[in-house]
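Going by this note's numbering, the sequence shown opens with residue 83, and the numbers climb by one from there. We treat Cβ as the ideally placed atom computed from N, Cα and C, and that holds for glycine. Contents: one structure, followed by commentary.
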Amino acid sequence: MATVLYRLGRASFQRRRLVVALWLVVLVALGAAAAAFMKPTTNDFTMPGTESQRAIDALAREFPQASGTTGTIVIAAPQGRTLRDADARAAVEAVVREAGSLPGAVAAVDPFAAGAVSQDGRHALVQVQFAAQDDAITDAQRDAYAHSGAAAEQAGLRVEHGGEVMHNQPEMGGTEGIGVLIALAVLVVTLGSLVAAGMTMLTALIGVGAGMAGLFALSGVVGLTSTAPILALMLGLAVGIDYSLFITSRYRQHVRDGVPPPEAAGRALGTAGSAVLFAGGTVVIALAGLALVGIPFLTVMGLAAAGTVAVAVLVAITLLPALLGFAGRRVLPRKAITLEQSHRREPAGFRWAKQVIRFRVPLLLAGLLGLGALALPTLDMRLALPDASTAPVGSPTRAANDLITEGFGPGFTGRLALVVSTDSVAATTAAVAEVSHDLAGTPNLLAVTPPNLSQDGKTALLGVVPKTGPTDPATETLVHDIRQTARGVAGADIALTGQTAVGIDVSAKLSRALPTYLLLVVGLSVLLLGVVFRSVLVPIKAALGFLLTVGATFGLTTLVFQQGHLAGLVGLDTPGPLVSFLPILLIGILFGLAMDYEVFLVSRMREDFVHGDTPTRATVNGMGHGARVVTAAALIMTAVFAGFVLLDDPVIKSMGFALAVGVAVDAFVVRLTLVPAVMSMLGRSAWWLPRWLDRILPDVDLEGAKLRRHLDAAANDRELADVTTH
83 MATVLYRLGR ASFQRRRLVV ALWLVVLVAL GAAAAAFMKP TTNDFTMPGT
133 ESQRAIDALA REFPQASGTT GTIVIAAPQG RTLRDADARA AVEAVVREAG
183 SLPGAVAAVD PFAAGAVSQD GRHALVQVQF AAQDDAITDA QRDAYAHSGA
233 AAEQAGLRVE HGGEVMHNQP EMGGTEGIGV LIALAVLVVT LGSLVAAGMT
283 MLTALIGVGA GMAGLFALSG VVGLTSTAPI LALMLGLAVG IDYSLFITSR
333 YRQHVRDGVP PPEAAGRALG TAGSAVLFAG GTVVIALAGL ALVGIPFLTV
383 MGLAAAGTVA VAVLVAITLL PALLGFAGRR VLPRKAITLE QSHRREPAGF
433 RWAKQVIRFR VPLLLAGLLG LGALALPTLD MRLALPDAST APVGSPTRAA
483 NDLITEGFGP GFTGRLALVV STDSVAATTA AVAEVSHDLA GTPNLLAVTP
533 PNLSQDGKTA LLGVVPKTGP TDPATETLVH DIRQTARGVA GADIALTGQT
583 AVGIDVSAKL SRALPTYLLL VVGLSVLLLG VVFRSVLVPI KAALGFLLTV
633 GATFGLTTLV FQQGHLAGLV GLDTPGPLVS FLPILLIGIL FGLAMDYEVF
683 LVSRMREDFV HGDTPTRATV NGMGHGARVV TAAALIMTAV FAGFVLLDDP
733 VIKSMGFALA VGVAVDAFVV RLTLVPAVMS MLGRSAWWLP RWLDRILPDV
783 DLEGAKLRRH LDAAANDREL ADVTTH
């Protein structure tokens, strides 16, 4: 691998104009494809094989007129008035007529006819049915809906617009750019050269541009969830900057040592490039592995992010060497450190490693106890799909949700749908009567509405209203109680659905899949690192460190986003359960990123140990040479992820926070502190490998030992040729 990358690095450096031209062609082609085939993203959280999805499919068949998205207009009278007053009722009826004639709407239901007026008469719900699905609603249709009811507002009534139709897609504004600016500042400080920092950032941005363009080009044939592009952007930026930084740093080191630039590019790619290829591969494998969970929207998210990371790796090992060819020696800082200064001032990484080894026992105890304490809130972690109650305060969706809760109670914001199907009209009528009777008195059940029958009368739809909100634990208990009761009705196919039920089913399946996926990822890390480092204990240590990172990250995210501690610092209006897919997504992402730092640090330790250093000296050298770059990389990743915390969408906010915290914990606590402490305690046993296993494992030569032997042999041949010539 190292030799192949060495040749690729030299070739890209020497044929830099061709490489840059090819990438420009690729960028233009991908941009054109994205513009031609891009489709809107969706909030579709379907899950095949669940009861809620089975009911949704039945509704689509039997009630096609109601298969589109819905809107809920909430109308409220001020204190001292009711909507039953003549002028107020006339205003409400005008809203119903206006809503029914909106672009894309097929019907609007009069709340007085449907009984959708609160007991005090001050609140009413106008249900609006659209023909198209949520992701097919145009901006013009959504805007017309959001501005309906102006006449009622002039009559002194309050009008708010909610429902599925108002589920806007998360938008990427300028706030996440703050993280990019911080990353650029870190690059300038770390590299000491505007040319090197700018080139590294440019490479990452080109990789992100290519990856995102390819992603949107595929959106015409693959339905993208609304969070998939943002996740891909997060990871593409972070790993793109990191991978370019690692290769550029190694190139600068070789040039500083007097190696000619073309040779330096080849050697940098043969060593640091090998680590980048391996680290990127682990991220791609972990993210693509999300497909094994069997949830379509999670599969799309994982594959989208994996594709962007793969593009970032490809850019780093092809385009970056070409750009280094244009930069040459200008990547070095203008004010070079003299040899005398370098001997007088030992780098901070060496000093830190020595202090860690000196105080390794107390540091290990403090690290383990501290991370364990941070993980404790994980025991209280609850998962759910996001609902309007956690939307940003002031948004139309949140305003409508709060007004419904005020007038009707929280259960009306998470109404359920019970679908009853049989093979005859009489059997359906009997089953509806039986299940309605059996559900009477169920704890936390507010009401069951009269049935709405399909055209053939064989399928009935009953509305079920809980007393509690969609993410309340009592609502989840109610869903299970209703399903248990419905199973007792013989001769009928009864299924419970609705956004709340879908969320509960998604959360349940993800919770069941989480331990299996975690075990898969940990096992994969042990296997891959065993191959790379040819050791038994180093992979086990790395896997345990990863588990500490995951536990602390889950705990801190639960502490802030669910329990509400320090929520104001991240701009969170309303705490609530974590989004269902966050834990399993974090495991996949943090696994790959943790392996990045493990490889970049420990590979240098193994390299020095193999070449004769003592275990302690090898540990100090590995930290000394890698700590500065790993620190910069972690700061960059943390800054990029933290930039997304500034977005209003609570799902994106929690993802950015969790990733930023996870990277910081893994890099600074686990890899830069606990790893050297443990390695110094293990000594030579850290590199122990049974002979039979040594014969089985392939030699990937991540450190480039074979490459160095090849280069040394070539140098000797040249010297011999010179002697012979003279």
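CB contact flag (Gln223, Ala189, <8 Å): Taking 8 Å as the Cβ cut-off, Gln223 and Ala189 do not qualify as a contacting pair.
- prompt: What is the DSSP secondary structure of Ala212, counted as helix, strand or coil?
  reply: According to the sequence as given, residue 212 is Phe; it is not Ala. It is a strand residue.
field: Counted within 10 angstroms of its Cβ, other Cβ atoms place Ser617 as buried (16 or more) or exposed
entry: Looking at its Cβ environment, which holds 16 or more other Cβ atoms inside 10 Å, Ser617 is buried.
- prompt: Do Val712 and Ala759 come within 8 Å of each other at the CB atom, strictly closer than that value?
  reply: Contact flag unset, no.
Simplified DSSP state of Gly539, which is helix, strand or coil: Here Gly539 sits in coil by DSSP.
task: Assuming Phe739 contacts Val751 (C-beta within less than 8 Å), just tell me the rounded distance between them.
output: Contact flag wrong, Cβ pair sits at about 17 Å.
- request: Starting from Leu219, trace the beta strand (DSSP E) both ways and give me its first and last residue.
  value: Per the sequence shown, the amino acid found at residue 219 is Ile instead of Leu. Boundaries cannot be given for Ile219, as no beta strand (DSSP E) includes it and DSSP labels it neither H nor E.
- prompt: The beta strand (DSSP E) spanning His243 covers which residue range?
  reply: Looking at the DSSP string, the run of the beta strand (DSSP E) that includes His243 is Arg240 to Gly244.
Beta-carbon contacts of Gly431 that lie in its chain and below 6 Å, excluding the five residues immediately before and after: Closer than 6 Å at the Cβ level, and outside the excluded window around Gly431, lie Met705, Gly706, Ala709 and Arg710.
- prompt: What residues are listed by DSSP as bridge partners for Val199?
  reply: Looking at the DSSP assignment, Val199 forms a beta bridge with Ala206.
message: Tell me which residues share the same chain as Ile419 and place their Cβ nearer than 7 Å to its Cβ, disregarding the 5 neighbours each side in the sequence.
response: Because the pLDDT of Ile419 is 47, which lies under 50, any placement of that residue in the model is unreliable, and the number read from its coordinates should be weighed accordingly. Within the same chain, no Cβ atom closer than 7 Å to the Cβ of Ile419 is found once the five residues on either side in sequence are excluded.
- prompt: Quick one: does the C-beta of Leu351 sit closer than 7 Å to a heavy atom of the ligand GDP?
  reply: Inclusion of the ligand GDP in the displayed structure is not the case, the ligand content being empty and no account of it being possible.
message: Does Ala513 pass the burial test, meaning 16 or more other C-beta atoms within 10 Å, or should it be called exposed?
response: The residue is buried, with at least 16 neighbouring Cβ atoms inside 10 Å.
- request: Could you spell out where the beta strand (DSSP E) holding Gly153 opens and where it closes?
  value: Going by DSSP, Gly153 is part of the beta strand (DSSP E) stretching over Thr152 to Ala158.
message: Bridge partners for Ile576 per DSSP, in chain order?
response: Beta-bridge annotation (DSSP): Ile576 is paired with Val502.
query: Can you give the Cα-Cα distance for Leu319 and Leu287, rounded to whole angstroms?
result: Straight-line Cα distance between these residues: approximately 7 Å.
query: Tell me which same chain residues have a C-beta within less than 7 Å of the C-beta of Leu239, skipping the five on either side of it?
result: Ile157, Ala158, Ala159, Ala170 and Ala173, listed in sequence order.
- request: Please check the pair Val604 and Phe628, which I expect to be a contact at CB under 8 Å, by giving their CB distance rounded to whole angstroms.
  value: Yes, they are in contact, since the Cβ atoms of Val604 and Phe628 sit about 7 Å apart, within 8 Å.
query: Roughly how many angstroms separate the alpha carbons of Leu87 and Val745, rounded to a whole number?
result: In a straight line, the C-alpha of Leu87 is about 28 Å away from that of Val745.
message: By the three-class DSSP mapping on this structure, what secondary structure does Leu527 have?
response: Of the three classes helix, strand and coil, the one that applies to Leu527 here is strand, per DSSP.
- prompt: In terms of alpha-carbon separation, which member of Leu779, Trp770, Glu689 and Ser589 lies closest to Arg464?
  reply: Closest option to Arg464, Cα to Cα, is Ser589.
- request: Give me the Cβ distance between Gly91 and Leu327, rounded to the nearest whole Å; I'm assuming they're in contact under 8 Å.
  value: Not confirmed; about 16 Å, so no contact.
field: Nearest-angstrom Cα separation, counted from Gly765 out to Ala435
entry: Each residue's Cα considered, the two are about 15 Å apart.
- prompt: So, are the CB atoms of Gly23 and Lys549 less than 8 Å apart?
  reply: This structure does not reach residue 23, given that the chain is present from 83 up to 808, and the question cannot be answered.
query: What do you reckon, are the CB atoms on Val620 and Val702 nearer than 8 Å?
result: In this structure, Val620 keeps its C-beta atom at 8 Å or more from the C-beta atom of Val702.
message: Do Ile671 and Leu741 count as a contact pair if the criterion is CB distance below 8 Å?
response: Taking C-beta atoms as the reference points, Leu741 and Ile671 count as a pair closer than 8 Å.
query: What are the partner residues of Pro548, as DSSP defines its beta bridges?
result: Note: Pro548 sits in a beta bridge opposite Leu527.
- prompt: Between Ala314 and Thr390, is the Cβ-Cβ spacing less than 8 Å?
  reply: Between Ala314 and Thr390, the C-beta spacing is below 8 Å.
query: Among Leu456, Thr582, Val502 and Glu428, which residue has its Cα nearest to the Cα of Thr495?
result: Checking every option, the nearest Cα to that of Thr495 belongs to Thr582.
task: Please classify Val268: is it buried, with 16 or more other beta-carbons within 10 angstroms of its beta-carbon, or exposed?
output: With 16 or more Cβ atoms within 10 Å of its Cβ, Val268 is classed as buried.
message: Alpha carbons only, please: which of Thr272, Val382 and Met248 is nearest the one belonging to Arg311?
response: One point to set straight first is that residue 311 is Pro, not Arg, in the sequence displayed. In terms of Cα proximity to Pro311, the closest of Thr272, Val382 and Met248 is Val382.
query: Under the DSSP definition of a beta bridge, which residues are partnered with Leu660?
result: Its beta-bridge partners are Leu465.
field: Contact check, Glu133 vs Arg565, beta carbons under 8 Å
entry: For Glu133 and Arg565, yes; Cβs fall inside 8 Å.
task: Whole angstroms is fine: what's the gap from Ala482's alpha carbon to Leu500's?
output: A straight line joining the alpha-carbon of Ala482 with that of Leu500 spans about 24 Å.
- prompt: Taking just the CA atoms, how far does Leu396 sit from Gln537?
  reply: Note on geometry: alpha-carbon atoms of Gln537 and Leu396 lie some 56 Å from one another.
- request: Please go through the same chain and pick out, in chain order, the residues whose beta-carbon is closer than 6 Å to the beta-carbon of Arg761, but skip the five residues on each side of it.
  value: This sequence places Met at residue 761; Arg is not what is there. Here the set comprises Thr701 and Ala768.
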